[in-house]
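Engineer:
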Amino acid sequence: MVRQLRSELVSIEQELRQQYARLQQVQQQLEQIDPQGANQWKAPGKAPASRSVENFIGLKLIHLVGIVVLVIGLSIGVKYAFDQNLISETTRILLAYAAGLVLGGLSFRLKEKYQGFSAILFSGAMATLYFTTYAAHVYYGFLSFGVVFAVMVLFTVFTAYQALRYNRREIALLGMVGAYAIPFLISRNAERADLFFAYMLLINSGVWFLSYRKGWNLVGQVAQLLTWLLFLGWASTRYRTEQAGVAFLYLTAFFLLFSLVNLGPRRQQQPMDRLVIYTQLANNLAAFWSALFVVSPALQVEKLAPVALVFSLVAAVQGFFFQKRFSQAPSLANTHYLLATGLLVMAIAWYFDGLQVTFIWLLLSVGLFLLGVTLKDKWWRLASLGLMALTLLKLLLLDSQRFTAGQKVAAYITLGLLLLVVSFFYQKFRQKWFEE
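With the first letter of the sequence shown counted as 1, position 257 gets the number 289 in my numbering; the numbers rise by one all the way through.
(1) Could you give the first and the last residue of the continuous alpha helix (DSSP H) run that contains residue 371?
(2) Could you tell me which of 346, 434 and 366 sits nearest to residue 355, measuring between CA atoms?
(3) In chain order, what residues of the same chain have a beta carbon less than 6 Å from the beta carbon of residue 282, not counting five sequence neighbours either side?
(4) Which of the three DSSP states is assigned to residue 460 in this structure?
(5) Along the chain, where does the alpha helix (DSSP H) that runs through residue 246 open and close?
(6) Taking only heavy atoms of the ligand FMN into account, decide whether any of them is closer than 8 Å to the Cβ of residue 200.
(7) Kindly confirm or deny that the segment 307–318 and the segment 357–365 touch, where touching means at least three C-beta pairs closer than 8 Å.
(8) Within the same chain, show all residues whose beta-carbon is closer than 6 Å to that of residue 323, passing over the 5 residues directly before and after it, in chain order.
(9) If residue 382 and residue 337 are in contact, beta carbons under 8 Å, what's the gap, nearest whole angstrom?
(10) Measure the CB-CB distance between residue 226 and residue 278 and report whether it falls below 9 Å.
(11) Could you name the residues of the same chain whose beta carbon sits closer than 8 Å to that of residue 264, not counting the 5 residues immediately before and after it, in chain order?
(12) Residue 443 and residue 387: beta carbons closer than 9 Å?
(13) Nearest chain B C-beta to residue 393 closer than 9 Å, yes or no?
(14) Is it true that the CB of residue 313 sits closer than 9 Å to the CB of residue 373?
(15) Which first and last residues belong to the alpha helix (DSSP H) in which residue 436 is found?
(16) Using only CA atoms, which one of 406, 398, 344 and 353 lies nearest to residue 378?
(17) Whose CA, out of 268, 293 and 271, lies closest to the CA of residue 248?
(18) For residue 338, which of helix, strand or coil comes out of DSSP?
(19) How close, in whole Å, do the beta carbons of residue 353 and residue 304 come, if the pair is a contact with beta carbons under 8 Å?
(20) Ignoring anything shorter than 3 residues, give me the beta strand (DSSP E) runs that lie fully in the segment 281–328, in order along the chain.
(21) Measuring CB to CB, does residue 151 end up less than 9 Å from residue 198?
(22) Report yes if the C-beta distance between residue 122 and residue 174 is below 9 Å; otherwise report no.
(23) Does the distance from the C-beta atom of residue 440 to that of residue 427 stay below 9 Å?
(24) Would you kindly work out how many angstroms separate the C-alpha atoms of residue 234 and residue 131, rounded to a whole number?
(25) Report the residue from 259, 380, 266 and 275 whose alpha carbon sits nearest the alpha carbon of residue 289.
(26) On the three-state DSSP scale, how would you describe residue 449?
(27) Could you give the residue range of the alpha helix (DSSP H) that holds residue 265?
(28) Taking the C-alpha atoms as reference points, what is the distance between residue 402 and residue 461?
(29) Mapping the DSSP letters down to three states, classify residue 49 as helix, strand or coil.
(30) Here's the rule I'm using: 16 or more other beta-carbon atoms within 10 Å means buried, otherwise exposed. How should residue 270 be labelled?
(31) Which value, in whole angstroms, describes the spacing of the CA atoms of residue 431 and residue 453?
(32) If we count the other Cβ atoms within 10 Å of its Cβ and call it buried at 16 or more, is residue 177 buried or exposed?
(33) Mapping the DSSP letters down to three states, classify residue 413 as helix, strand or coil.
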């Protein structure tokens with residue numbers, strides 16, 4: 033027994049010596065890596081909240097705000113010099129170009145040690161060069177359209193190239209997307225909408241390339257948001273009827289370009305994010321509301337129905353296309369089918385009146401329900417139920433004071449019978465439908 037205990041103690045002693053030798057080896061490796069801190073190791077801890085906030089402001093936020101403010105200041109300065117006739121036109125343009133080149137030179141000088149800060153400076157430089165070139169043609173007539181277009185193409189290619197080299201989205205967001213917002217902020221030349229939208233379209237082409245090449249979804253989404261806000265702002269406040277051709281040309285171009293940004297070839301090889309679906313839906317709605325202002329600046333109801341009908345067909349075609357091309361994301365097609373249905377409902381409400389709208393909506397809800405039963409698709413059945421609910425709300429809130437007693441009887445009895453029939457179908461097929 034004693035011998036057995038001694039042998040166990042000897043084996044334990046040998047294991048302890050081996051573990052000690054291993055610890056010494058680890059200690060030597062640590063000393064080779066960091067001789068001073070090898071014996072001063074501390075367990076990692078959370079950074080204080082105040083330090084995290086300071087880190088975000090000092091290293092990420094402040095230089096973004098600074099470059100945006102600087103570029104806006106430069107752009108307003110160019111416009112102010114033009115309005116007050118302080119210096120010659122040539123001097124104004126040369127000074128603005130010089131400011132852009134100085135920012136660009138500083139960005140390349142600091143790139144090796146401060147890449148993030150360098151990227152922000154480069155973004156400001158390109159935004160400055162963009163709006164200065166725009167101003168040289170629109171405000172001063174200093175450069176011809178052909179020269180300006182060629183220079184803009186070079187700027188767009190160069191900015192896209194540098195964004196790829198830096199591999200930073202800030203360049204695309206500030207240097208390209210921010211560049212077309214500034215002329216709109218300082219411009220009063222509504223009659224030059226064609227040039228301004230051509231300028232935006234060119235830069236957005238660069239945005240599409242970067243979104244496709246790098247998968248920078250945020251860049252495309254911010255570009256879409258700003259583009260449609262600027263277009264809607266112009267259409268609702270500065271648009272004139274003689275500009276209809278320009279408006280529809282660029283409306284169509286922006287819609288197609290952002291559809292390509294949102295759902296380009298890369299999307300067929302990736303899972304479909306909900307945000308992408310919502311972004312494309314917003315693209316449709318922005319184009320629709322822009323078209324309403326273009327067709328009828330006063331939003332006269334009789335002129336709005338054809339617009340809603342056309343966009344309903346466009347949404348339905350998209351739904352069919354997405355169903356075939358993006359079969360891995362049925363929500364994309366279903367969302368656009370529902371959009372088409374909603375726009376059709378609006379077109380009916382704008383074109384017809386009174387009891388006609390009620391019965392056409394009820395007829396449409398029957399068609400949607402039968403389509404959902406035939407295709408075994410709950411989306412269409414839900415759309416039918418939603419339209420019935422909308423019809424009931426219309427009867428209660430809008431038609432109660434307008435309809436005659438006979439019209440109320442006809443509407444309520446028809447809707448009531450339809451709801452009971454639909455309820456019967458749900459009772460009969462509940463086991464089958466709710467297992468889908």
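Beta carbons: idealized from backbone N, C-alpha and C, even for Gly.
Structural biologist: Checking against the coordinates, here is how it stands:
(1) Taken as a continuous stretch (DSSP letters only), the alpha helix (DSSP H) holding residue 371 covers 362–383.
(2) Nearest of 346, 434 and 366 to residue 355, Cα basis: 366.
(3) Cβ within range, chain order: 229.
(4) Residue 460 falls in the helix class under three-state DSSP.
(5) For residue 246, the enclosing alpha helix (DSSP H) begins and ends at 225–246.
(6) The ligand FMN is not among the ligands present in this structure, which contains no ligands whatsoever.
(7) Touching, yes.
(8) So the qualifying residues of the chain are 339.
(9) Rounded, the Cβ-Cβ distance is 4 Å, consistent with contact.
(10) In contact: residue 226 and residue 278 (Cβ atoms closer than 9 Å).
(11) The answer, listed in chain order, is 318, 321, 322 and 325.
(12) By the CB criterion at 9 Å, residue 443 and residue 387 fall inside the cutoff.
(13) Chain labels in this structure do not include chain B; a single protein chain is all it has.
(14) It is not a contact, given that the beta carbons lie outside the stated cut-off.
(15) Residue 436 -> no alpha helix (DSSP H), and no H or E assigned at all.
(16) Looking from the CA of residue 378, the closest CA among 406, 398, 344 and 353 belongs to 344.
(17) With distances taken between Cα atoms, residue 248 lies closest to 293.
(18) Three-state result, residue 338: helix.
(19) That belief does not hold up - the Cβ atoms of residue 353 and residue 304 are roughly 14 Å apart, past 8 Å.
(20) Taking 3 residues as the minimum length, the segment 281–328 contains no beta strand (DSSP E) run wholly inside it.
(21) It is a contact, given that the beta carbons lie within the stated cut-off.
(22) Against a cut-off of 9 Å, the Cβ pair of residue 174 and residue 122 comes out as a contact.
(23) Yes, Cβ-Cβ distance for residue 440 and residue 427 is below 9 Å.
(24) In a straight line, the C-alpha of residue 234 is about 23 Å away from that of residue 131.
(25) Answer by Cα proximity: 259.
(26) Reduced to three states, the DSSP call for residue 449 is helix.
(27) Note, residue 265: alpha helix (DSSP H), 249–269.
(28) Near 13 Å, if we compare the C-alpha coordinates of residue 461 and residue 402.
(29) Correct three-state label for residue 49: helix.
(30) Per the 10 Å Cβ criterion, exposed.
(31) Each residue's CA atom was taken as its position, placing residue 431 and residue 453 some 24 Å apart.
(32) By the C-beta density criterion, residue 177 is exposed, having fewer than 16 other C-beta atoms within 10 angstroms.
(33) Residue state for residue 413 is assigned as helix, using DSSP reduced to three classes.
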